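Engineer: Following the numbering used here, the numbering of the sequence shown begins with 443 at its first residue and continues without gaps.
Backbone N, C-alpha and C define an ideal beta-carbon position, used for all residues, glycine too.
As the structure is a prediction and not an experimental result, all values here were calculated from the model.
There's a structure below that I have some questions on.
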Amino acid sequence: MSKTLFFKDKRLPFVELRYTKDSNLYYKPHFHQTFSIGAIEDGQVYFRINNNEYTLQKEEIVLINPEIIHSCNPINNQKRSYYMLYIDKDWIYNLQKTLNSNIQNFIPFSKVLVKNKNLYNHFITLSKTILNSDIFLLEKEEILEDFILNIINQFCKFNTTQTIYKDNNKVNKIKEYLKENLTQNPTIEDISKALNISRYHLIRLFKQSTNITPHAYLLNLKVEYAKELLKSGMDIAEVALSTGFYDQSHLNRVFKQLTACTPYEYKK
Numbered sequence: 443m444s445k446t447l448f449f450k451d452k453r454l455p456f457v458e459l460r461y462t463k464d465s466n467l468y469y470k471p472h473f474h475q476t477f478s479i480g481a482i483e484d485g486q487v488y489f490r491i492n493n494n495e496y497t498l499q500k501e502e503i504v505l506i507n508p509e510i511i512h513s514c515n516p517i518n519n520q521k522r523s524y525y526m527l528y529i530d531k532d533w534i535y536n537l538q539k540t541l542n543s544n545i546q547n548f549i550p551f552s553k554v555l556v557k558n559k560n561l562y563n564h565f566i567t568l569s570k571t572i573l574n575s576d577i578f579l580l581e582k583e584e585i586l587e588d589f590i591l592n593i594i595n596q597f598c599k600f601n602t603t604q605t606i607y608k609d610n611n612k613v614n615k616i617k618e619y620l621k622e623n624l625t626q627n628p629t630i631e632d633i634s635k636a637l638n639i640s641r642y643h644l645i646r647l648f649k650q651s652t653n654i655t656p657h658a659y660l661l662n663l664k665v666e667y668a669k670e671l672l673k674s675g676m677d678i679a680e681v682a683l684s685t686g687f688y689d690q691s692h693l694n695r696v697f698k699q700l701t702a703c704t705p706y707e708y709k710k
């Protein structure tokens, strides 16, 4: 039987860790608003990010920039155990500024799949340290910062202009509109009229830039918001209504498709 552990602490709001053991559950393509790092403890997985495909196994880590579509699923239904670390983008940006004070916003990581035994072992040690309830938060923060500075130095390029991470203006406006209206379930027509963008151009433009449809992006936003409400202690039925799902079963279905756990399991 699979099991999942989460680390979340209000005193370290910029980091969250997930450890899942012996799971063969599948994920739909999804994204996180955080920067994410993953590693396999046992087994191997089929990893897809945008239009690139990899086989992820031990002694490798994956670096996933915010809002990048990806999925990570078992090979031939075999079970795998893995760690996923989620870190606030602004927290990383502030670390990046300690290395280059000229940058104006988050610089994405240039590498996706990293095959490095020492770095892999460093990440596994970091993950186990974060999950260990007997270790003080200060030590966890120090080890986390040390690891993130290490990968920033190796995989962030500071010699490019700040336009590197910006979507075009129209796509940014669509994203902002969806974030502001995630509980309202807007239609393509609603978005088109609000932003003065052709409805026939809108979906193609958005998908071309993000590799995801506006609807799929909206569902991801809803799930990310649902996570925050669950962490606050809100009742699951109320979370469903507050995030614009039709009912609790609708929330459960979408939440599990994107996170491979139910809202109840996540809250617990």
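(1) Below 8 Å, can you find three or more Cβ-Cβ pairs linking the segment 503–520 to the segment 538–547?
(2) Identify, in the order they occur along the chain, each residue of the same chain with its Cβ nearer than 6 Å to the Cβ of Thr471, setting aside the five sequence neighbours on each side.
(3) Assuming Glu584 contacts Leu454 (C-beta within less than 8 Å), just tell me the rounded distance between them.
(4) Answer yes or no: do Ile524 and Glu483 have a C-beta to C-beta separation smaller than 8 Å?
(5) Use the C-beta contact count for Lys386: other C-beta atoms within 10 angstroms, 16 or more gives buried, fewer gives exposed.
(6) What's the C-alpha gap between Val712 and Asp588?
(7) Quick check on the DSSP output: what are the complete beta strand (DSSP E) runs of length 3 or more inside the segment 547–590, in order along the chain?
(8) Note down the Cα distance separating Gln604 from Asn595, rounded to an integer number of angstroms.
(9) With a threshold of 6 Å on Cβ separation, who are the neighbours of His692 within its own chain once the five nearest residues in sequence on each side are excluded?
(10) Could you tell me which residues DSSP pairs with His472 in its beta bridges?
(11) Just the C-alpha distance for Lys452 and Asn536, rounded to the nearest angstrom, thanks.
(12) Less than 8 Å separating the beta-carbons of Ile639 and Lys612?
(13) If distances are taken between C-alpha atoms only, which option among Leu586, Asn563, Lys559 and Tyr562 comes closest to Ile572?
(14) If we count Cβ pairs, one from each stretch, closer than 8 Å, do we get three or more for the segment 566–580 versus the segment 626–634?
(15) Using a threshold of 8 Å, state whether the C-beta atoms of Ala481 and Phe565 are closer than that.
(16) Within 10 angstroms of its Cβ, does His474 collect 16 or more other Cβ (buried), or is it exposed?
(17) Going by CA-CA distance only, name the one from Asn653, Ala668, Val556 and Lys570 that's closest to Lys698.
(18) What do you reckon, are the CB atoms on Thr704 and Asn694 nearer than 8 Å?
(19) Rounded to the nearest angstrom, what separates Leu505 and Lys553 at their Cα positions?
(20) Check Leu467 in the structure and name its three-state DSSP category.
(21) Does DSSP classify Ala481 as helix, strand or coil?
(22) Could you name the residues that DSSP lists as bridge partners for Lys445?
(23) Quick check on Glu501: does DSSP put it in helix, strand or coil?
(24) If we call anything under 8 Å between Cβ atoms a contact, is Ile503 one with Leu561?
Structural biologist: This is what the structure holds:
(1) no
(2) Going by the sequence as given, residue 471 is Pro instead of Thr. Excluding residues within five positions, the ones whose Cβ falls inside 6 Å are Ile511 and Ser513.
(3) 12 Å between Cβ atoms; not a contact.
(4) Per the sequence shown, residue 524 should be read as Tyr rather than Ile. Yes; because the gap between Cβ atoms is below 8 Å, this pair is in contact.
(5) Any answer about residue 386 is impossible in this case: the structure gives the chain only from 443 up to 710.
(6) It is not possible to answer for residue 712, since the shown part of the chain is limited to 443 through 710.
(7) 555–557
(8) Any reading at Gln604 must be qualified, since the residue scores a pLDDT of 44, below 50, and its modelled position is unreliable; the value itself is stated next. Answer to the nearest angstrom: the Cα atoms are 18 Å apart.
(9) none
(10) His512
(11) Rounded to whole angstroms, Lys452 to Asn536 spans 19 Å at the Cα level.
(12) yes
(13) Leu586
(14) Judged by pairs of C-beta atoms under 8 Å, the segment 566–580 does not touch the segment 626–634, as fewer than three such pairs exist.
(15) yes
(16) Burial state of His474 is buried, judged by a 10 Å Cβ sphere holding 16 or more other Cβ atoms.
(17) Ala668
(18) yes
(19) 7 Å
(20) coil
(21) strand
(22) Lys463
(23) coil
(24) Contact flag set, yes.
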